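Numbering (my numbering), first residue to last: 18 to 146. Heads up, the thing below is written out as structure tokens.
As structure tokens, this is what we get:
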């Protein structure tokens with residue numbers, strides 16, 4: 018147990034040092050802490066199958082200006098994540114995104130909270146504070 022806590026603290030310090038020395042914004046530093054120390058992304062209201070369906074519908078509505086294909090939607094989402102630094106798409110490549118947006122991802126598979134945070138940020142509903 019102590020070894021795990023010690024290892025997490027080391028990762029947190031290393032991530033903070035790297036991010037701060039690279040001239041990253043405070044949002045990017047906080048995002049890195051979320052990803053390296055297993056902090057919880059607040060995606061309440063979007064858990065489970067119904068929550069993901071709600072998120073999918075809202076994401077499609079927010080992407081009305083993007084071509085109506087999932088490749089263009091994924092590219093738009095990826096560009097937003099890179100620009101904003103909120104959430105990330107680790108574990109969600111285009112194939113996974115395409116299956117999820119098409120409703121073929123499977124009932125037992127859920128997307129990760131950091132993926133949801135990125136999508137909510139795109140929609141404009143993620144409050145980072």
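Don't be surprised by glycine CBs; every beta carbon is placed ideally from N, CA and C. A quick note: this is a predicted structure, and the numbers were derived from the prediction, not measured.
query	result
Assuming residue 118 and residue 132 make a contact with CB atoms under 8 Å, what is their CB distance in whole Å?	Wrong, their Cβ atoms sit about 12 Å apart, outside the cutoff.
According to the Cβ coordinates, are residue 140 and residue 75 closer than 8 Å?	yes
According to the Cβ coordinates, are residue 135 and residue 60 closer than 8 Å?	no
Residue 70 lies in the alpha helix (DSSP H); which residues open and close that run?	65-79
Mapping the DSSP letters down to three states, classify residue 129 as helix, strand or coil.	coil
So, using beta-carbon positions, are residue 101 and residue 80 closer together than 8 Å?	no
May I have the straight-line CA-CA distance separating residue 152 from residue 127, to the nearest angstrom?	What is shown of the chain runs 18 to 146, which leaves residue 152 out entirely.
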